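Data first, discussion second: the structure below is written as structure tokens.
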Amino acid sequence: MSELIGAPGTTAAAPEAAEGRTGSGAAMLHIDRVRFGYPGRRVLDEVSLRVRPGELVALVGLNGCGKSTLLRLAAGVLRPESGRVLVDGADMTRVSRRDAARRVALLHQSAPAVPGLTVRQMVRQGRYAARGPLGMLRVGDDAVTVRAMRDVGVEGWADRPVEALSGGERQRVRLALALAQDTPVLLLDEPTTYLDLRHQLEVLQLAARLREERRLTVLMVLHDLGLAARFAERLVALRDGRVAAQGPPERVVTPELLREVFGVEGRVGRDPEHGWPICYPDKPTY
Numbered sequence: 000m001s002e003l004i005g006a007p008g009t010t011a012a013a014p015e016a017a018e019g020r021t022g023s024g025a026a027m028l029h030i031d032r033v034r035f036g037y038p039g040r041r042v043l044d045e046v047s048l049r050v051r052p053g054e055l056v057a058l059v060g061l062n063g064c065g066k067s068t069l070l071r072l073a074a075g076v077l078r079p080e081s082g083r084v085l086v087d088g089a090d091m092t093r094v095s096r097r098d099a100a101r102r103v104a105l106l107h108q109s110a111p112a113v114p115g116l117t118v119r120q121m122v123r124q125g126r127y128a129a130r131g132p133l134g135m136l137r138v139g140d141d142a143v144t145v146r147a148m149r150d151v152g153v154e155g156w157a158d159r160p161v162e163a164l165s166g167g168e169r170q171r172v173r174l175a176l177a178l179a180q181d182t183p184v185l186l187l188d189e190p191t192t193y194l195d196l197r198h199q200l201e202v203l204q205l206a207a208r209l210r211e212e213r214r215l216t217v218l219m220v221l222h223d224l225g226l227a228a229r230f231a232e233r234l235v236a237l238r239d240g241r242v243a244a245q246g247p248p249e250r251v252v253t254p255e256l257l258r259e260v261f262g263v264e265g266r267v268g269r270d271p272e273h274g275w276p277i278c279y280p281d282k283p284t285y
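In numbering that gives the first Met the number 0, the protein residues as written are 0 to 285.
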């Protein structure tokens, strides 16, 4: 199997601004020996990983292995039973929810469209952590909201109701909402769910471009191992609540990984032009 997670490490915390980030650099996300479970069920057991500043990492594995739970822990939505989640050295269990939302933005798997809510109004909600309840009463969009809509190409839809958009269009709006938080760390939980192939590529290419332009640290959950291998610099495979393997896609994606993590017999080839791994699953293991 591939290289296992190394020893933990942290960096100093960066200051935050009232209306937006002042720092131009990305942040280190460090998950250190985290354990979490529900009554009668252990979900994560001593999971450790580090996402370097500006890195794009994909979490892969079967349903129920703890990927989405790990993202919610990283965002400060859940608290670990033991271990720590650090963003540039700041312990996410010791900061307020509003401060956590200034550091990490989480794009959930799906969210129902609120009837009557326009694209502009939805994206503005991402500014709550920075502007606060009184700031949200101000008329007009701030510069961060405008930039978020422009960066994902939805500024032309600003006054359209979200419920009238297609699935791919809604996902772009939700990505703009996450970007409006103006955080150094972006967490994407299955951003391609329910999207057709064209819109899957569109959303992932958009995420990769924004990561480069904004110097974001990105951790995303993907079900499609082929897309994960194509877009991520590093893969982290979870199995039964533990890290089974991690490393560059060309080292991690192997027939052994397919068998031990995904429960299928299969073959792995290489894209002839770009070299990323391509999986050919044959049959489930029994």
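Even for Gly, the Cβ is constructed at its ideal location relative to N, Cα and C.
Bear in mind that the values here come from a model prediction, so they are computed numbers and not experimental data.
Going by C-alpha to C-alpha distance, which of the options sits closest to residue i?
i: residue 233; options: 240, 220 and 241; result: 220
i: residue 106; options: 172, 48, 90 and 55; result: 172
i: residue 225; options: 203, 209, 241 and 212; result: 203
i: residue 68; options: 175, 211 and 186; result: 186
i: residue 149; options: 64, 176 and 167; result: 176
i: residue 231; options: 240, 238, 96 and 205; result: 205
i: residue 47; options: 259, 264, 242 and 248; result: 242
i: residue 273; options: 229, 264 and 169; result: 229
i: residue 116; options: 169, 89 and 96; result: 169
i: residue 58; options: 261, 156 and 76; result: 261
i: residue 166; options: 201, 77, 183 and 266; result: 201
i: residue 42; options: 98, 246 and 240; result: 240
i: residue 179; options: 256, 199, 127 and 207; result: 127
i: residue 27; options: 60, 160 and 103; result: 103
i: residue 32; options: 250, 76 and 44; result: 44
i: residue 227; options: 191, 34 and 156; result: 191
i: residue 118; options: 257, 158 and 92; result: 158
i: residue 250; options: 238, 267 and 95; result: 267
i: residue 258; options: 60, 76 and 25; result: 60
i: residue 63; options: 93, 236, 252 and 161; result: 236
Which term fits residue i, buried or exposed, when burial requires 16 or more other beta carbons within 10 angstroms of its beta carbon?
i: residue 196; result: exposed
i: residue 188; result: buried
i: residue 287; result: Outside the modelled stretch of the chain, which goes from 0 to 285, sits residue 287, for which no answer is possible.
i: residue 79; result: buried
i: residue 163; result: exposed
i: residue 113; result: exposed
i: residue 87; result: buried
i: residue 101; result: buried
i: residue 29; result: buried
i: residue 23; result: The predicted position of residue 23 is uncertain, since its pLDDT is 45 and thus under 50; a value taken from the coordinates is nonetheless stated next. When all chains shown are included, residue 23 counts as exposed.
i: residue 284; result: exposed
i: residue 270; result: exposed
i: residue 276; result: buried
i: residue 183; result: buried
i: residue 38; result: exposed
i: residue 199; result: buried
i: residue 75; result: buried
i: residue 245; result: buried
May I ask you to list the residues that DSSP assigns as paired with residue i?
i: residue 264; result: 282
i: residue 253; result: Bridge partners of residue 253: none, in fact.
i: residue 83; result: 31
i: residue 37; result: 40
i: residue 269; result: 276
i: residue 104; result: 185
i: residue 241; result: 238
i: residue 248; result: For residue 248, which the question treats as bridged, DSSP gives no partner whatsoever.
i: residue 89; result: 86
i: residue 233; result: 56
i: residue 151; result: Residue 151 is not bridged to any residue.
i: residue 46; result: 33
i: residue 114; result: Per DSSP, none; premise fails for residue 114.
Can you give me the start and stop residues for the alpha helix (DSSP H) that residue i sits inside?
i: residue 53; result: Where residue 53 is concerned, there is no enclosing alpha helix (DSSP H), given that its DSSP letter is neither H nor E.
i: residue 122; result: 118-123
i: residue 227; result: 224-230
i: residue 74; result: Taken as a continuous stretch (DSSP letters only), residue 74 belongs to no alpha helix (DSSP H), as it is neither H nor E.
i: residue 191; result: Run containing residue 191: none; DSSP gives neither H nor E here.
i: residue 209; result: 196-213
What residue does the beta strand (DSSP E) around residue i start on, and which one ends it?
i: residue 219; result: 216-220
i: residue 286; result: Because the chain spans 0 through 285 in this model, residue 286 falls outside it and cannot be assessed.
At least 3 beta-carbon pairs within less than 8 Å: the segment 121-129 vs the segment 137-155: Under the three-pair Cβ rule at 8 Å, the segment 121-129 counts as touching the segment 137-155.
The segment 266-282 touching the segment 78-97, judged by at least three CB pairs closer than 8 Å: With a cut-off of 8 Å, the segment 78-97 and the segment 266-282 do not count as touching, because too few Cβ pairs lie within range.
Three CB pairs or more closer than 8 Å across the segment 201-216 and the segment 41-59: Yes: at least three Cβ pairs fall under 8 Å.
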